[in-house]
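Chemist:
Number of protein chains: 2
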Amino acid sequence: MSFGIALGPRIRKSPFFNSTVTTGVTHFTTYNHMYMPVTYGDLAAEYDRLIHGVSMWDVAAERQVSLKGPDALTLARLLTPRNLSSLTWGVGKYVPICNSIGTLINDPVLLRIDEDEVWLSIADTDMKYWAEGVAIGLGLDVRVTEPDASPLAIQGPKAEDVVASLFGDWVRDIKYFGFRDAVLDGIPLLVARSGWSKQGGFELYLLDGSRGDTLWQKVAEAGQPYGIGPGAPNYIERVESGLISVGADTDDHSNPFEMGLGKFVDLEQDVDFIGKDALRKIRAEGVKRRFCGVIMDGAPLASTNSHPWRIMHNGVDVGFASAAAYSPRLEWNIATALIAVEAADADGGLVVLSDDGERHARPTSLPFRKGT
Amino acid sequence: MSFGIALGPRIRKSPFFNSTVTTGVTHFTTYNHMYMPVTYGDLAAEYDRLIHGVSMWDVAAERQVSLKGPDALTLARLLTPRNLSSLTWGVGKYVPICNSIGTLINDPVLLRIDEDEVWLSIADTDMKYWAEGVAIGLGLDVRVTEPDASPLAIQGPKAEDVVASLFGDWVRDIKYFGFRDAVLDGIPLLVARSGWSKQGGFELYLLDGSRGDTLWQKVAEAGQPYGIGPGAPNYIERVESGLISVGADTDDHSNPFEMGLGKFVDLEQDVDFIGKDALRKIRAEGVKRRFCGVIMDGAPLASTNSHPWRIMHNGVDVGFASAAAYSPRLEWNIATALIAVEAADADGGLVVLSDDGERHARPTSLPFRKGT
């Protein structure tokens, strides 16, 4: 199955769109109402660059939601189960967001931009409307907007060298999720140590959407000595690393405990954040499912999955494999899965109803590691 | 420019997805986190079927947001500037939704499903989060969910005959935006006279997502004597008709008055709906822009636009053409546009900065009509 994507004005082009076209992008997805590159036609080379070298990604679709005003921090604390009492400038925090029944609906990184402003660097759901809806209902004095901020990711073991060659060695001191203001030949930016891979790297938050092609060019040139090339959030690497993709790995009932995010839920804090009662009940009753890895037998999968695959255990449907791929590093067929705790704890005996037939499988913990 | 769409588990497949693939869909977009067909490879035939015959569209991506509970109607009335005091079962209403600064953020059709339940048949923004956010903030007793409901549109002058042959002649009595419960060979449905074209027709709201391929097949068979064929919300026809596409025709400041939706704004009602103060101020100050049509000189446009085109008037940027196409019926290059009132009132003298060069243009009212 291979289909074209229709380009039209309802979905936005990223500030890097023209550069990605010139660079040879072949496939897009959409994310936060914006086209996002998925591959430049050579998935093997893109994977290899991310694991062994350095890769540059148009992730402008990772949009920012700004909460600004006297009640910005109050609103932020209501939106997440994470305790934000010790929030400081320059340090990002991963903040799960739940609805009133405790379902995970987004998992942004929160940046404290100013005394009265935070940004949520969001996954693919309209948290702008969620945040403003809550603020309106409560009568909070806060303005919710989408600022002109478009991340360009530089990922892989050589990413730090590329970013240091652009900005100076001071970037090497930025801690994980830390960020700093910077200007590159007149282009305003945030430089953040972050990115949707476990291979290390940075995200340059472009703060002037008219300068996207210039920034792309500068990064490509600075990266040339390091063999930089184009890429995108990598399907295989994210499965190997067990990174959560909200909307793919989650459903209408996925709570942070079953998703392995319990350490970010503080039920003891004195903030009555959204979903607190539901999460307290869920914790008391114990989780029924677990986000885990699954290793499948048989020949290498011909392709990644285009929709969730059901998983059976002892003849019973126990949940779904959300993202499946063949890992060249591990030489395994692997998948992230959300399945019943009993199945996640089993020694084996799972059957994945994949698109190219039933696959016998066993559960494992995330991230995947040889020997587990 | 031609690109593939990456299929993965984050974007959902519609209940009709397999049928559209079998039928030969070639291009998709995404809408409300779901793949939506855009064309089956023969745009001219698809346009012709809609204008002269009958066409069937997978518009399952037109998702429903259910508001259910004692405060459902209270919430609905807070969400829209339209006066809903006389809402009755079986009659849908077009309800613009605005944020606190009066910007149009969605324009669903509201269906009163039950005494304590309404559905919003939404455009492409996450109104589920907007509605629940407001409800949480206000402490309303209402549950916000996305029900298992997936519209299949049957559009065109022969649509009524097809739907009558499936359900009986009673469907001919349904008024515009009216709807009724029905069961088709065990498949639960709503039959609504609605659809995103001005050629007339119905939408069958499939209420059991597992029966999508069966329903598709039944409609295709019933439509065969009438020459039914596949299609999708039609770019050209919607421009001709001046139908609004939120996100394409609107920006972060588009209010209902400038979008021609003032008749749906009741500032005198005693409900303090969201955006009321802002809309009162906007009305008092007068609108600065107008959603209108634009007719462009020159050879037929080679293709539709992939992003908004800026419009100049007397050397000044006055706004943008949101959707542009060559109309075979009118034999004009046409576009919907949101431009300064002075430019919309001008006799001509507009210049559209299209992707294939500058086009001299003149404004007109919507829908487009020969002789205007």
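Protein sequence lines, in the order shown, are assigned to chains A and B.
1 is the number of the first residue of the first sequence in our numbering; add one for each residue after it.
1001 is the number of the first residue of the second sequence in our numbering; add one for each residue after it.
Don't be surprised by glycine CBs; every beta carbon is placed ideally from N, CA and C.
Using only the alpha-carbon positions, how far apart do Trp-373/A and Pro-363/A sit?
Modeler: The displayed coordinates of chain A run from 1 to 372. Any statement about residue 373/A would go beyond what the structure contains.
Chemist: Apart from the five residues on each side of it in sequence, which residues of its chain come closer than 6 Å, Cβ to Cβ, to Gly-1102/B?
Modeler: The sequence position of residue 1102/B within the second sequence is 102, counting from 1. Only Asn-1255, Gly-1275, Ala-1278, Leu-1279, Ile-1282 meet the Cβ criterion.
Chemist: Checking the sheet assignment: what are the DSSP bridge partners for Tyr-235/A?
Modeler: Against the first sequence, residue 235/A aligns to sequence position 235. When beta bridges are read from the DSSP output, Tyr-235/A appears opposite no residue.
Chemist: Based on the DSSP secondary-structure assignment, which residues constitute the bridge partners of Met-1036/B?
Modeler: Taking the first residue of the second sequence as position 1, residue 1036/B is located at position 36. For Met-1036/B, which the question treats as bridged, DSSP gives the partners Thr-1029/B.
Chemist: With a threshold of 16 other CB atoms inside 10 Å of the CB of Ala-61/A, please say whether the residue is buried or exposed.
Modeler: Numbered from 1 along the first sequence, position 61 holds the residue referred to as residue 61/A. The residue is buried, with at least 16 neighbouring Cβ atoms inside 10 Å.
Chemist: Answer yes or no: does any C-beta atom of chain B fall closer than 8 Å to that of Leu-138/A?
Modeler: Locating residue 138/A in the first sequence gives position 138, counting from the first residue. Yes, Leu-138/A lies at the interface with chain B (some Cβ there is under 8 Å from its Cβ).
Chemist: Considering Cα atoms alone, identify which of Thr-1336/B, Gly-1262/B, Leu-1043/B, Ile-1011/B is closest to Thr-1029/B.
Modeler: The residue labelled residue 1029/B in the question sits at position 29 within the second sequence. Minimum Cα distance to Thr-1029/B is reached at Ile-1011/B.
Chemist: Output the boundary residues of the alpha helix (DSSP H) element that contains Leu-79/A.
Modeler: Numbered from 1 along the first sequence, position 79 holds the residue referred to as residue 79/A. From DSSP, the alpha helix (DSSP H) with Leu-79/A extends over 72 to 79.
Chemist: Buried or exposed: which applies to Gly-186/A, given that a residue is buried once 16 or more other Cβ atoms fall within 10 Å of its Cβ?
Modeler: Looking up residue 186/A in the first sequence gives position 186. By the neighbour-count rule (16 or more Cβ atoms within 10 Å), Gly-186/A is not buried but exposed.
Chemist: Please classify Tyr-1176/B: does DSSP put it in a helix, a strand, or coil?
Modeler: Residue numbering aside, residue 1176/B sits at position 176 when the second sequence is read from its first letter. Tyr-1176/B: coil per DSSP, three-state reduction.
Chemist: Sort Gly-41/A, Gly-53/A, His-33/A, Cys-98/A by Cα distance to Leu-261/A and report the nearest one.
Modeler: Counting from 1 along the first sequence, the entry for residue 261/A is found at position 261. Nearest of Gly-41/A, Gly-53/A, His-33/A, Cys-98/A to Leu-261/A, Cα basis: Cys-98/A.
Chemist: With 16 as the cutoff for other CB atoms within 10 Å, does Ser-1365/B come out buried or exposed?
Modeler: The residue labelled residue 1365/B in the question sits at position 365 within the second sequence. Label assigned to Ser-1365/B: exposed.
Chemist: Along the chain, where does the beta strand (DSSP E) containing His-1360/B start, and where does it finish?
Modeler: For the purposes of this step, residue 1360/B is taken as residue 360 along the second sequence, with counting starting at 1. Note, His-1360/B: beta strand (DSSP E), 1357 to 1364.
Chemist: Shortest alpha-carbon distance to Asp-1270/B belongs to which of Pro-1147/B, Pro-1081/B, Trp-1130/B?
Modeler: One-based indexing of the second sequence puts residue 1270/B at position 270. Taking only the C-alpha atoms, the option nearest Asp-1270/B is Pro-1081/B.
Chemist: Give the residues from the region 6 to 23 of chain A that approach chain B closer than 9 Å (Cβ to any Cβ), ordered along the chain.
Modeler: Ala-6, Leu-7, Gly-8, Pro-9, Arg-10, Ile-11, Arg-12, Lys-13, Phe-17, Val-21
Chemist: Could you please tell me which residues of the region 1234 to 1259 of chain B, in chain order, have their CB closer than 9 Å to any CB of chain A?
Modeler: Tyr-1235, Ser-1245, Val-1246, Gly-1247, Ala-1248, Asp-1249, Asp-1252
Chemist: Assuming Leu-350/A and Gly-231/A form a contact by the criterion Cβ under 8 Å, report the distance between their Cβ atoms to the nearest whole angstrom.
Modeler: Here residue 350/A refers to the residue found at position 350 of the first sequence. Here residue 231/A refers to the residue found at position 231 of the first sequence. Between Gly-231/A and Leu-350/A the Cβ distance is about 32 Å, and since that is not below 8 Å, they are no contact.
Chemist: For the region 259 to 274 of chain A, which residues have a beta carbon sitting closer than 9 Å to at least one beta carbon of chain B?
Modeler: Ile-274
Chemist: Of all the options Arg-1289/B, Ser-1165/B, Thr-1145/B, which has the alpha carbon lying nearest to the alpha carbon of Arg-1063/B?
Modeler: Reading the second sequence from its first residue, position 63 is the one you call residue 1063/B. Checked all of Arg-1289/B, Ser-1165/B, Thr-1145/B; the closest Cα to Arg-1063/B is Thr-1145/B.
Chemist: Have a look at Trp-170/A and Leu-1301/B and give me their C-alpha separation to the nearest angstrom.
Modeler: Position 170 of the first sequence holds residue 170/A. Position 301 of the second sequence holds residue 1301/B. Separation of Trp-170/A and Leu-1301/B (C-alpha to C-alpha, rounded to the nearest whole angstrom) is 52 Å.
Chemist: Whose Cβ in chain A lies nearer than 8 Å to the Cβ of Gly-1004/B?
Modeler: The residue given as residue 1004/B occupies position 4 in the second sequence. The contacting residues are Ser-2, Phe-3, Gly-4, Ile-5, Thr-26, His-27, Phe-28.
Chemist: Counting only the same chain and skipping the five closest in sequence on each side, list residues whose C-beta sits under 8 Å from that of Val-162/A.
Modeler: Numbered from its first residue, the first sequence carries residue 162/A at position 162. Once the five neighbours on either side are set aside, the close Cβ partners of Val-162/A are Val-54, Ile-154, Val-219, Ala-222, Gly-223, Tyr-226, Ile-228.
Chemist: Going along chain B, which residues have a C-beta under 9 Å from Asp-124/A?
Modeler: Counting from one through the first sequence, the residue named residue 124/A turns up at place 124. Residues of chain B whose Cβ lies closer than 9 Å to the Cβ of Asp-124/A are, in chain order, Arg-1010, Ile-1011, His-1033.
Chemist: Where does Ala-302/A fall in DSSP's three states?
Modeler: Your numbering for residue 302/A matches position 302 in the first sequence. Residue state, collapsed to three classes: coil.
Chemist: State yes or no: is the beta carbon of Asn-1099/B nearer than 8 Å to at least one beta carbon in chain A?
Modeler: The count along the second sequence starts at 1 and reaches residue 1099/B at position 99. Judged by the 8 Å Cβ criterion, Asn-1099/B is in contact with chain A.
Chemist: If I'm right that Leu-1047/B touches Pro-1328/B with Cβ under 8 Å, what's the distance once you round it to whole angstroms?
Modeler: Here residue 1047/B refers to the residue found at position 47 of the second sequence. Here residue 1328/B refers to the residue found at position 328 of the second sequence. Correcting the residue type first, residue 1047/B is Tyr in the shown sequence and not Leu. About 7 Å separates the two Cβ atoms, so the contact holds.
Chemist: Contact defined as beta carbons within less than 8 Å: I believe Ser-1322/B pairs with Asp-1249/B. What is the distance between those atoms, to the nearest angstrom?
Modeler: Your numbering for residue 1322/B matches position 322 in the second sequence. Your numbering for residue 1249/B matches position 249 in the second sequence. About 4 Å separates the CB atoms of Ser-1322/B and Asp-1249/B; that is less than 8 Å, so the two are in contact.
Chemist: What's the C-alpha gap between Gly-242/A and Met-259/A?
Modeler: Here the question's residue 242/A lines up with position 242 in the first sequence. Here the question's residue 259/A lines up with position 259 in the first sequence. So the alpha carbons of these two residues sit roughly 10 Å apart.
Chemist: Which residues mark the beginning and the end of the beta strand (DSSP E) in which Asp-1249/B is found?
Modeler: Along the second sequence, read from residue 1 onward, the residue named residue 1249/B stands at position 249. Asp-1249/B -> no beta strand (DSSP E), and no H or E assigned at all.
Chemist: Note down, in chain order, every chain A residue with its Cβ under 8 Å from the Cβ of Ser-1354/B.
Modeler: Numbered from 1 along the second sequence, position 354 holds the residue referred to as residue 1354/B. Those do not exist, as Ser-1354/B stays about 13 Å from chain A at its closest Cβ, beyond 8 Å.
Chemist: Looking at C-beta atoms only, is the number of pairs between the region 199 to 213 of chain A and the region 327 to 343 of chain A that lie closer than 8 Å three or more?
Modeler: no
Chemist: Using alpha carbons as the reference points, say which of Arg-112/A, Asp-116/A, Pro-108/A, Tyr-35/A lies closest to Phe-16/A.
Modeler: Translated into positions along the first sequence, residue 16/A becomes position 16. Residue Tyr-35/A is the option with its Cα nearest to Phe-16/A.
Chemist: Given a threshold of 16 other Cβ atoms within 10 Å of its Cβ, counted over all protein chains shown, does Ser-1303/B qualify as buried or as exposed?
Modeler: Position 303 of the second sequence holds residue 1303/B. Taking a 10 Å sphere around the C-beta of Ser-1303/B, we find fewer than 16 other C-beta atoms and assign the residue as exposed.
Chemist: How would you call Ser-197/A, buried or exposed, if buried means at least 16 neighbouring beta carbons within 10 angstroms?
Modeler: As a position in the first sequence, residue 197/A is number 197, starting the count at 1. Result: buried.
Chemist: Classify Ile-51/A as helix, strand or coil using the three-state DSSP reduction.
Modeler: Residue 51/A sits at position 51 when you count from the first residue of the first sequence. Residue state, collapsed to three classes: helix.
Chemist: Using only CA atoms, which one of Arg-1359/B, Ala-1337/B, His-1253/B, Val-1239/B lies nearest to Met-1296/B?
Modeler: Within the second sequence, the letter at position 296 stands for residue 1296/B. Looking at the Cα atoms, Arg-1359/B is the closest of the given residues.
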